[in-house]
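In terms of the numbering used here, the sequence shown opens at residue 15 and continues consecutively.
All residues carry an ideal CB built from backbone N, CA and C; glycine is no exception.
All of these numbers come straight from a predicted model, not from anything done at the bench.
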Amino acid sequence: MIYKNVDFNNYFKNYPDENGYFGKYGGAYIPEELKAAMQEITEAYYTIGQSRNFIAELRRIRKEFQGRPTPVTHLARLSKSLGNVQLYAKREDLNHTGAHKLNHCMGEALLAKYMGKKKVIAETGAGQHGVALATAAAYFGLECDIYMGSVDIKKQAPNVARMKILGANVVEVTDGLATLKEAVDAAFAAYSKEYKDCIYCIGSVVGPHPFPMMVRDFQSVVGIEAREQFTEMTGHLPDAVVACVGGGSNAAGFFSGFLNDPVDIIGVEPLGRGSKLGDHAASLKYGTEGIMHGFNSIMLKDENGDPAPVYSVASGLDYPSSGPEHAFLQEIGRAKYDVVNDEETIDAFYKLSRLEGIIPAIESSHAVAHAIKMAKQMKHGSILINLSGRGDKDMDYIIEKYGIR
Ligand SMILES: Cc1ncc(COP(=O)(O)O)c(C=O)c1O
Numbered sequence: 015m016i017y018k019n020v021d022f023n024n025y026f027k028n029y030p031d032e033n034g035y036f037g038k039y040g041g042a043y044i045p046e047e048l049k050a051a052m053q054e055i056t057e058a059y060y061t062i063g064q065s066r067n068f069i070a071e072l073r074r075i076r077k078e079f080q081g082r083p084t085p086v087t088h089l090a091r092l093s094k095s096l097g098n099v100q101l102y103a104k105r106e107d108l109n110h111t112g113a114h115k116l117n118h119c120m121g122e123a124l125l126a127k128y129m130g131k132k133k134v135i136a137e138t139g140a141g142q143h144g145v146a147l148a149t150a151a152a153y154f155g156l157e158c159d160i161y162m163g164s165v166d167i168k169k170q171a172p173n174v175a176r177m178k179i180l181g182a183n184v185v186e187v188t189d190g191l192a193t194l195k196e197a198v199d200a201a202f203a204a205y206s207k208e209y210k211d212c213i214y215c216i217g218s219v220v221g222p223h224p225f226p227m228m229v230r231d232f233q234s235v236v237g238i239e240a241r242e243q244f245t246e247m248t249g250h251l252p253d254a255v256v257a258c259v260g261g262g263s264n265a266a267g268f269f270s271g272f273l274n275d276p277v278d279i280i281g282v283e284p285l286g287r288g289s290k291l292g293d294h295a296a297s298l299k300y301g302t303e304g305i306m307h308g309f310n311s312i313m314l315k316d317e318n319g320d321p322a323p324v325y326s327v328a329s330g331l332d333y334p335s336s337g338p339e340h341a342f343l344q345e346i347g348r349a350k351y352d353v354v355n356d357e358e359t360i361d362a363f364y365k366l367s368r369l370e371g372i373i374p375a376i377e378s379s380h381a382v383a384h385a386i387k388m389a390k391q392m393k394h395g396s397i398l399i400n401l402s403g404r405g406d407k408d409m410d411y412i413i414e415k416y417g418i419r
């Protein structure tokens, strides 16, 4: 399919280009001392990462350790409660550690191992990426430092405990709003001092090249499986695919399976408390072009042009930018990005729990909430949701803040 001059038959060969650009978005805006380190990771990814041994080992790990493929589930009772539209979920909540994050962490840590690195460093918001990386580090015998804002440490206590049990060193970040952006800042600062012995394992399709590409590629297993399973189950493609977008890793991997198909692609950002700057983290909807954390994308800025404070009920979505590939897909119109607020999200969290017996992560509940809205507007058809993670980590917080509904 050719769409707005982009050849989706050869999309993965051409996007990103050799400098890490998706159109004008992406690139690597990094200090001189990190250029060699990024070059080393890029070269390792193109050589080791594409080698037969690496791919075979990753496939084996996905099957034997992660429990892939994860299933696609027909959400029959939820669909019936909404009308004629059929909703389905790709069950990344059933991936080992309870979210999609392990898909790229096993890839990144396997690459670190092949490169002879001793340690992995990362940031985490909801703690899912931290848990996934701590798991990968334990599996491969690597040291692991996870940077996490103190606000998120309080909110996501079960995940902090899991990281510690898995042997990771959780480093508390108290700067600024003490959430995801500050955790990324601190992790990058640490990495620039330790890059010889370690590799930065970013938690999403953000950061300098090659991370947005590498993380998307490691996550593409979700889209490949989902397309195959859905068509086998129903005999056709879904009318729409829907995923939540923080940095955008679960969405990028899931969407990649459908870019070349006549399928509507919808990313869902958090509208939080409302559309006023500071009350949400809907960067693609309300942001403008800018550079942050080493990449050019669409971001929310304050009056000085710096990353604006952001808010979402979901710790994994409160990031003031999104991956460059999403900015590109939005610009050419191949994907649309919409928003749902906290209330709609909590409502969807309870609906999926009560009607389907699946407690979703608050992040994933954003995608469910949007699919519910779409189903009410559409007369017929099918929507496939990427259920990026399970909600065990969120239960205490939701009960305390919203009560049992
Ligand atoms: C379950 C879950 N879904 C989604 C996200 C958002 O990340 P991304 O947009 O990179 O998929 C997170 C982040 O922590 C998460 O834990």
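Item: Candidates C119, M15, N28, R66, of which the one nearest C158 by Cα; Value: C119
Item: Proximity test, Q53 beta-carbon vs ligand 1 heavy atom, cut-off 7 Å; Value: no
Item: contact_flag[the segment 384–399, the segment 239–255] where n(CB pairs < 8 Å) is 3 or more; Value: yes
Item: Cβ separation of A240 and G271, assumed to be a contact under 8 Å, to the nearest whole Å; Value: 6 Å
Item: heavy atom of ligand 1 below 7 Å from K115 C-beta; Value: yes
Item: Distance, L96 Cα to D31 Cα; Value: 43 Å
Item: 8 Å Cβ cutoff met for G337 and I376; Value: no
Item: DSSP state of G286 mapped onto helix, strand, coil; Value: strand
Item: Nearest-angstrom Cβ-Cβ length linking Q142 and A171, presumed shorter than 8 Å; Value: Not confirmed; about 14 Å, so no contact.
Item: Near ligand 1: H307 beta-carbon under 7 Å from a heavy atom; Value: no
Item: One or two residues paired with D352 in a DSSP bridge; Value: V282
Item: Within 8 Å, strictly: CB atoms of Y161 and V185; Value: yes
Item: Euclidean distance between Cα positions of L180 and N19; Value: 47 Å
Item: Contact set for G221: own chain, Cβ-Cβ below 7 Å, skip 5 residues either direction; Value: H307, G308, F309
Item: Uninterrupted beta strand (DSSP E) stretches inside the segment 228–258 (no shorter than 3 residues); Value: 254–258
Item: Burial state of Q391, where buried means 16 or more other Cβ atoms lie within 10 Å; Value: exposed
Item: H294 beta carbon near ligand 1 (any heavy atom closer than 7 Å); Value: no
Item: Straight-line gap, C258 to Q53 (C-alpha atoms, nearest Å); Value: 31 Å
Item: Cα-Cα separation, Y205 to K132; Value: 13 Å
Item: Distance cut-off 7 Å: G41 Cβ against heavy atoms of ligand 1; Value: no
Item: Complete beta strand (DSSP E) runs within the segment 115–190 (minimum length 3 residues, chain order); Value: 133–138, 157–163, 183–187
Item: Cross-strand partners of A113 (DSSP beta bridge); Value: G403
Item: Ligand 1 heavy atom lying under 7 Å from the CB of S263; Value: yes
Item: Limits of the unbroken beta strand (DSSP E) element including I312; Value: 309–313
Item: Backbone secondary structure at A50 - three-state DSSP; Value: helix
Item: Heavy atom of ligand 2 within 7 Å of C258 beta-carbon; Value: This structure does not include ligand 2; its bound ligands are ligand 1.
Item: Opening and closing residue of the alpha helix (DSSP H) in which K387 lies; Value: 376–391
Item: CB contact flag (A488, L298, <8 Å); Value: Since the first residue shown for the chain is 15 and the last is 419, residue 488 is missing from the structure and cannot be characterised.
Item: Beta-carbon separation (whole angstroms), P374 vs D107, contact threshold 8 Å; Value: 7 Å
Item: Backbone secondary structure at E317 - three-state DSSP; Value: coil
Item: Beta carbon of F154 nearer than 8 Å to that of A123; Value: yes
Item: Neighbourhood of N264 by C-beta distance below 6 Å, restricted to the same chain and skipping five residues each side; Value: H114, A257, N400, S402
Item: Spatially closest choice to Y209 from A42, V382, A50, D356, by CA coordinates; Value: A50
Item: Cβ-Cβ separation, V327 to P295 (assumed contact under 8 Å), whole Å; Value: Reading off the sequence shown, one finds Ala at residue 295, where the question assumed Pro. Not really, about 10 Å apart at Cβ, beyond 8 Å.
Item: Cβ separation of Y411 and K178, assumed to be a contact under 8 Å, to the nearest whole Å; Value: Actually they are not in contact, since the Cβ atoms of Y411 and K178 sit about 19 Å apart, beyond 8 Å.
Item: The segment 231–240 contacting the segment 361–374, beta-carbon criterion three pairs below 8 Å; Value: no
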